Amino acid sequence: MSLEVESVAIEAIVPHRGRMLLVNRLLARDEDSVVVGAVVNADSLFVEDRGVPAWVGIEYMAQAISAWAGCRGLARGEPARIGFLLGTRRFTCAASHFAFGAELRIEARRELFGDNGMGMFSCRILEGDMELARAQVSVFEPPDPSAFLEGKTG
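Each residue of the sequence shown is one higher than the last, beginning at 4 in the numbering used here.
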């Protein structure tokens, strides 16, 4: 797999804003994969005394998947759209918290993505060469998120 290095603003491909935007840069992408970066800050929305809890790793992974979808949309001239985290399987994390100041690399690789917007991704979170967390993440990207949220799914 050969990932392209990108210089796209993260806000152009991930719809989250403010303190809910946990990833801060697109590092690389290709047709099936994406790599984003995040820095664990003391002003994080989810901060605790010891850092950011491990369970937030699922949201880091979901935002990486959002970046993958956003890159696809950007290529079609579409803005970043919301998607839905359906669930996760086999989440493991090497520690109870991500440490303050840690520079995380979040990788997401598409395992499947159907025409109906349902997808499954293999994800990992690394700090340097050390894998901190991994999981399988299921997502849904409806064609019209607003209509879906209003219950107008046709």
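Beta carbons: idealized from backbone N, C-alpha and C, even for Gly. Values in this document were obtained by computation on a predicted structure and should not be read as measured data.
Query	Result
Give the DSSP-derived three-state secondary structure of G21 in the structure shown.	helix
Taking contact to mean 3 or more Cβ pairs, one atom from each stretch, closer than 8 Å, check whether the segment 46 to 65 and the segment 94 to 107 are in contact.	yes
Measure the C-alpha to C-alpha separation of V17 and A83 and round it to an integer number of angstroms.	6 Å
With a floor of 4 residues, list each alpha helix (DSSP H) that falls wholly inside the segment 26 to 104, ordered by position along the chain.	60 to 78
Tell me which same chain residues have a C-beta within less than 8 Å of the C-beta of T91, skipping the five on either side of it?	I61, M64, A138, Q139, V140, S141
Secondary structure at S125, three-state DSSP: helix, strand or coil?	strand
Beta-carbon separation of L29 and V42 under 9 Å?	no
For V26 versus G40, is the C-beta distance shorter than 9 Å?	yes
Need the endpoints of the beta strand (DSSP E) that R141 sits in, please.	The amino acid at residue 141 is misidentified as Arg; the sequence shows Ser. Looking at the DSSP string, the run of the beta strand (DSSP E) that includes S141 is 133 to 143.
Within 10 angstroms of its Cβ, does D46 collect 16 or more other Cβ (buried), or is it exposed?	exposed
Please report the residue range of the alpha helix (DSSP H) in which A1 lies.	Because the chain here runs from 4 to 157, residue 1 falls outside it and cannot be looked at.
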